[in-house]
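**Student:** One structure is given below, represented as structure tokens, and several questions about it will come after.
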Ligand SMILES: [Zn+2]
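Residue numbers (the working numbering): 4 to 493.
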């Protein structure tokens, strides 16, 4: 592949060589500000963004078929799912596996049947698997316990080797994590997440996408993320390239019922910074290049914000740069433990009287995870956020692989302000090119792009020391992939 060389004044179009003039003028702005500032703050020129940040990112366009699908998300069907889940009394991981009416076994059988009925509408494209294993004695598992995930897979067409996973957890709990007999309705935690997963399965089953979609209910979450740990480990062992995973856990209430105002149009998306799997050496490099805010989960989150705006979903995404709530975790962590990009999606503010509590009234206060506290329209909006993200991920090119930025100067030079990037070609045949995306190091999201053509390397006359850079793929429909952030090589 050709190595394109693009200068700092490119403004989005390839030019044949480095522009000395642009380089000098960009430096002059910075130098003037630096010298003048201490002397006359009020009259010194403001810092100006260099032209090298590229042209503005396009406003996204949305497939009319996606809009139609979002219009079909049905709060009443979501309500019916949660009502049914609550009727199992408890879905505790150690509750009965064989009782046809009460317990985790009956709930698993019901979800499996739902998934199978949905798969029957897919023309053979969606398959359903019960992934069963025995969890040995471990924290909150006093005796070896059978745990079953229910996994619906919608096979991708063009690049089925990449996976996008959405989960909700089927199990529930009450006050004592080992109490498997008391009622644990789990309407919000996590009947809401399971209802989201089933609704997505229903709506996506009749579509096809380049990438593979996995919609799963996992179990054993409350005991220690055991179901999702097993699922993620199995996917990693099979070499599955999971390029995005979302745990929908507690997505049912816009209203915390604690005196704070309801916030029905906000959902939180937690995104870890430094990846869970980063080695000490990788952390050292991250510190050295300022890559702490550019881990794979953060790039996934930026992508979701761009493809699931309020105009499309009726929901604002509040991105939170934290793996999860303080010292707590959910099934996204199981996937992050294998280096996969993942996020936790959850309601804006929890009410701890409703979570992990026996159903009871104390001093006039209702405790317990009851369906009366669930807002089905809210769950529907969260489901739309998931649907928009899933659609964009599975329909767009995959995230470019093997992206590196070279730090060694060209032969004979003592150093360089040039930035040379290289990556592997995407597998999708409809990829028409790549864009380098840029932002100031202090910006929270990418602000500019430089289209570089259908190449696998490029040299820019932009100092890598001053900005953040990434690469994304673009296809013939104008869809773009999530952004890859480079690792460093000499
Ligand atoms: Zn939960």
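For glycine and all other residues, C-beta sits at the position ideal for the given N, C-alpha and C.
Please classify residue 231: is it buried, with 16 or more other beta-carbons within 10 angstroms of its beta-carbon, or exposed?
**Tutor:** Burial call: buried.
**Student:** Given 7 Å as the limit, tell me if residue 193 has its C-beta closer than that to any heavy atom belonging to ligand 1.
**Tutor:** yes
**Student:** Assign residue 3 to one of two classes, buried (16 or more other C-beta atoms within 10 Å of its C-beta) or exposed (fewer than that).
**Tutor:** Residue 3 is absent from the structure shown; the chain starts at 4 and stops at 493.
**Student:** Count the other CB atoms within 10 Å of the CB of residue 338; is the residue buried (16 or more) or exposed (fewer)?
**Tutor:** buried
**Student:** Taking all protein chains shown into account, decide if residue 241 is buried (16 or more other Cβ within 10 angstroms of its Cβ) or exposed.
**Tutor:** exposed
**Student:** By the 10 Å Cβ neighbour count, where 16 or more other Cβ atoms means buried, how is residue 302 classified, buried or exposed?
**Tutor:** buried
**Student:** Could you tell me which residues DSSP pairs with residue 187 in its beta bridges?
**Tutor:** 93
**Student:** Would the beta-carbon of residue 167 fall within 8 Å of that of residue 393?
**Tutor:** yes
**Student:** Does the distance between the C-beta of residue 350 and the nearest non-hydrogen atom of ligand 1 fall short of 7 Å?
**Tutor:** Ligand 1 never approaches residue 350 closely enough for any of its heavy atoms to be under 7 Å from the residue's Cβ.
**Student:** Can residue 170 and residue 97 be called in contact, C-beta distance under 8 Å?
**Tutor:** no
**Student:** With a 10 Å radius around its C-beta and 16 neighbouring C-beta atoms as the bar for buried, classify residue 482 as buried or exposed.
**Tutor:** buried
**Student:** In terms of DSSP beta bridges, what is residue 376 paired with?
**Tutor:** The partner list for residue 376 (beta bridge, DSSP) is empty, contrary to what the question assumes.
**Student:** DSSP on residue 306, reduced to helix/strand/coil?
**Tutor:** helix
**Student:** So which of 444, 208, 433 and 403 has the shortest CA-CA distance to residue 1?
**Tutor:** Nothing in the structure corresponds to residue 1, since the chain is present only between 4 and 493.
**Student:** Quick check: the Cα distance between residue 29 and residue 464, rounded to an integer number of angstroms?
**Tutor:** At residue 29 the pLDDT is 34, less than 50, meaning the model places this residue with poor confidence; the figure from the coordinates comes in the next sentence. The alpha-carbon atoms of residue 29 and residue 464 are separated by roughly 11 Å.
**Student:** Would you decide whether residue 454 is buried or exposed? Buried here means 16 or more other CB atoms lie within 10 Å of its CB.
**Tutor:** buried
**Student:** Do you know offhand how far residue 344's Cα is from residue 208's?
**Tutor:** 24 Å
**Student:** At the level of alpha carbons, what is the spacing between residue 23 and residue 313?
**Tutor:** Confidence at residue 23 is low in this model, with a pLDDT of 30, below 50, so its placement is unreliable and no value can be given for it.
**Student:** What would DSSP say about residue 232, mapped onto helix, strand or coil?
**Tutor:** DSSP, read as helix, strand or coil, puts residue 232 in helix.
**Student:** Using a Cβ-Cβ cutoff of less than 6 Å, which residues in the same chain neighbour residue 379 once the five nearest sequence positions on both sides are dropped?
**Tutor:** 78, 81 and 82
**Student:** When the Cα atoms are used, what is the spatial distance from residue 27 to residue 56?
**Tutor:** Any answer about residue 27 is weak, because its pLDDT of 26 lies below 50 and its placement is not dependable; what the coordinates show is given next. Each residue's Cα considered, the two are about 15 Å apart.
**Student:** Measure the Cβ-Cβ separation of residue 304 and residue 274 and say whether it is below 8 Å.
**Tutor:** yes
**Student:** Could you spell out the range, first to last residue, of the beta strand (DSSP E) harbouring residue 249?
**Tutor:** That run of the beta strand (DSSP E) goes 244-251.
**Student:** Would you grab the beta carbon distance between residue 155 and residue 235 for me? Rounded to a whole angstrom, and I think it's under 8 Å.
**Tutor:** Here residue 155 is actually not in contact with residue 235; their C-beta atoms are around 17 Å apart, not less than 8 Å.
**Student:** In whole angstroms, what separates the C-alpha of residue 432 from that of residue 476?
**Tutor:** Cα-Cα distance, rounded: 12 Å.
**Student:** When you compare the CB positions of residue 381 and residue 256, do they come within less than 8 Å of one another, or not?
**Tutor:** yes
**Student:** Among all the DSSP beta bridges, which residues are the ones paired with residue 369?
**Tutor:** Beta bridge pairing from DSSP links residue 369 with 364.
**Student:** Would you mind working out which of 490, 185 and 132 sits nearest residue 362, comparing C-alpha positions?
**Tutor:** 185
**Student:** Could you tell me the boundaries of the beta strand (DSSP E) in which residue 337 lies?
**Tutor:** Counting along the chain, residue 337 falls outside any beta strand (DSSP E), though it belongs to the alpha helix (DSSP H) covering 334-339.
**Student:** Less than 8 Å between the beta carbons of residue 107 and residue 174, yes or no?
**Tutor:** yes
**Student:** Mind checking which residues open and close the beta strand (DSSP E) that includes residue 272?
**Tutor:** Where residue 272 is concerned, the enclosing beta strand (DSSP E) stretches over 269-273.
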